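For the sequence shown, the numbering used here assigns the number -12 to the initial residue and increments by one for each residue that follows.
Think of the CB as a built atom: it goes at the ideal place given N, C-alpha and C, for glycine as much as any other residue.
These numbers come from a predicted model, not from an experiment.
Structure, as structure tokens:
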Amino acid sequence: MASLRQLEYLVTVVDTGSFTRAAEQLHVTQPALSHQVRALEQTVGGPLLERLPRAVRLTPMGRAMLPHARAALADAERARCAARQAGGLMAGELLVATVYSVSLGVLPPALRVWRRERPEVDVRLFEYRHAAELREAMAAGEADVAIGPVPGDWDGPVRDLGTEEFVVVLPIDGASEPSADGTVDLASLADCAWVHYAPGHGLAELVDRACAEAGFRPRPAVRTEQTAAAPILAAAGLGPALVPADVLPSRFEGRVLRPSTPVRRRLVAYTRPGPDPLTSGFVEVLAEHATV
């Protein structure tokens, strides 16, 4: 039977992409790490990782096992927290998962209220690049609640948080004059090179879809993984950017216009069936204080 330590070693190798980096993170020797991974492979009856010259890659058996390994580790962590809570060693822990943009704009006000009302509860935040990754993490049991776009085919509770508005950011000293009503037709920016998001980032698909509806495909001047970097790069003159309105800082030095055809995204909080009282209480705070 696979041990939790072996599962942790497997997951860490996959997440770091290297036996060397995984050994450093786990504070073990690389031979000890390799031995445990080989023992796990012997237990399951086949190779889980393909060792390449400069990287590692999951085999089909490894891809099948990885989500179950993550779920087992998450369940063990929750069991540990429950035992510590029962023993009076901690008041509780809430595992919150979200996508990058939501952790910047929508979530902080709700977390501020939650921290004020429940200071004894520790919050661990997990961020994902794409809504599909967020849903997979929730299905694997890696978090108590997820905040993001509406998940497809979800059998647990889903609580509506509102609709996220997107705006176009341009440099304040751009050549074009701002429109009288504060809007811009995306089609008028078709010839520009855009500040875009990295492939695999959930907002990259949203930008491509909005531009396609305006009749063009955006040409990237630069791609970024960081949602917060997009408006800064756009204000610096690298190209227009389409960003969630709520990620803009209060003193933002850039021109902010609304698309003439609104670009919006519905956001929800969702949990697995039968959430515990702590999780349900956090969802109520989210519904009341999330700034959408």
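Cutting at 8 Å between CB atoms, please list the residues of its own chain near Pro138, excluding the five before and the five after it.
Excluding residues within five positions, the ones whose Cβ falls inside 8 Å are Ala118, Leu121, Arg122, Met125, Val145, Val255 and Tyr257.
By the DSSP assignment, the alpha helix (DSSP H) with Thr313 in it spans what residues?
This structure leaves residue 313 out entirely; the chain is present only between -12 and 279.
Determine the direct distance from the alpha carbon of Leu265 to that of Ala185, and round the result to whole angstroms.
Cα-Cα distance, rounded: 35 Å.
Mark His188 as exposed unless 16 or more other C-beta atoms lie within 10 angstroms of its C-beta, in which case mark it buried.
It counts as buried.
Do Gly33 and the ligand PLP come close, with the Cβ less than 7 Å from some heavy atom?
Here there are no bound small molecules, and the ligand PLP is not part of this structure.
According to DSSP, simplified to helix, strand and coil, what is Thr129?
Correcting the residue type first, residue 129 is Glu in the shown sequence and not Thr. Glu129 falls in the coil class under three-state DSSP.
Could you give the first and the last residue of the continuous alpha helix (DSSP H) run that contains Thr266?
That run of the alpha helix (DSSP H) goes Pro264 to His276.
Just to check my reading of the structure: Arg251 and Thr150 have Cβ atoms closer than 8 Å, yes? What is that Cβ distance to the nearest angstrom?
Yes, they are in contact, since the Cβ atoms of Arg251 and Thr150 sit about 5 Å apart, within 8 Å.
DSSP has Pro282 in a bridge; who is on the other side?
The chain is shown only over -12 to 279; residue 282 falls outside these bounds and no answer can be derived.
If you drop the 5 nearest sequence neighbours on each side, which residues of the same chain put their C-beta closer than 6 Å to that of Arg116?
The residues are Gly187 and His188.
Counting only runs of 3+ residues fully inside the stretch 181 to 257, write out the beta strand (DSSP E) ranges in chain order.
For the stretch 181 to 257, whole beta strand (DSSP E) runs of length 3 or above, ordered along the chain, are 206 to 211, 228 to 231, 242 to 246 and 251 to 257.
Would you mind giving the Cβ-Cβ distance between Ile134 and Leu94, rounded to the nearest angstrom? I have them listed as a contact below 8 Å.
The pair is a contact, with the Cβ atoms about 6 Å apart (cut-off 8 Å).
So is Ser175 buried or exposed if we call it buried at 16+ other beta carbons inside 10 Å?
Ser175 should be labelled exposed.
Report all residues from its chain with a CB closer than 8 Å to the CB of Val108; omit the five preceding and five following residues, and keep chain order.
Hits under 8 Å: Ala78, Gly79, Glu80, Leu81, Trp101 and Leu265.
Whole angstroms is fine: what's the gap from Phe113's alpha carbon to Ala177's?
For Phe113 and Ala177, the distance between alpha carbons rounds to 35 Å.
Helix, strand or coil: how does DSSP classify Val171 here?
Looking at Val171 - three-state DSSP - the assignment turns out to be strand.
For Arg38, count neighbouring C-beta atoms within 10 Å of its own C-beta (all shown protein chains included) and say buried if the count is 16 or more, exposed if not.
By the neighbour-count rule (16 or more Cβ atoms within 10 Å), Arg38 is not buried but exposed.
Out of Gly33, Arg210, Cys198 and Ser5, state which residue places its alpha-carbon closest to the alpha-carbon of Val154.
Out of Gly33, Arg210, Cys198 and Ser5, Cys198 has the C-alpha closest to the C-alpha of Val154.
To the nearest angstrom, how far is it from the Cα of Ala26 to the Cα of Leu36?
Spanning the two alpha carbons is a distance of roughly 12 Å.
Quick check: what's the CA-CA separation for Gly224 versus Arg238?
Distance between the alpha carbons of Gly224 and Arg238 is about 17 Å.
Using the rule of at least 16 other Cβ atoms within 10 Å of the residue's Cβ for burial, across every protein chain shown, is Arg103 buried or exposed?
By the neighbour-count rule (16 or more Cβ atoms within 10 Å), Arg103 is not buried but exposed.
Does the beta-carbon of Asp2 have 16 or more other beta-carbons within 10 angstroms, so that it is buried, or is it exposed?
It counts as exposed.
Would you say Gly33 and Val156 are within 8 Å of each other, going by their C-beta atoms?
No, Cβ-Cβ distance for Gly33 and Val156 is not below 8 Å.
Among His183, Glu192, Leu173 and Pro218, which residue has its Cα nearest to the Cα of Phe203?
Closest by alpha carbon: Leu173.
What three-state label does DSSP hand Pro136 in the structure shown?
The answer is strand: DSSP assigns Pro136 an E or B state.
Would you report the Cα separation of Pro260 and Gly226, rounded to the nearest angstrom?
If I take the Cα positions, the gap works out to 44 Å.
Please report the distance separating the alpha-carbon of Gly75 from that of Val110.
For Gly75, the predicted structure reports a pLDDT of 43, less than 50, and the residue's modelled location is therefore unreliable. The matter cannot be settled from this model.
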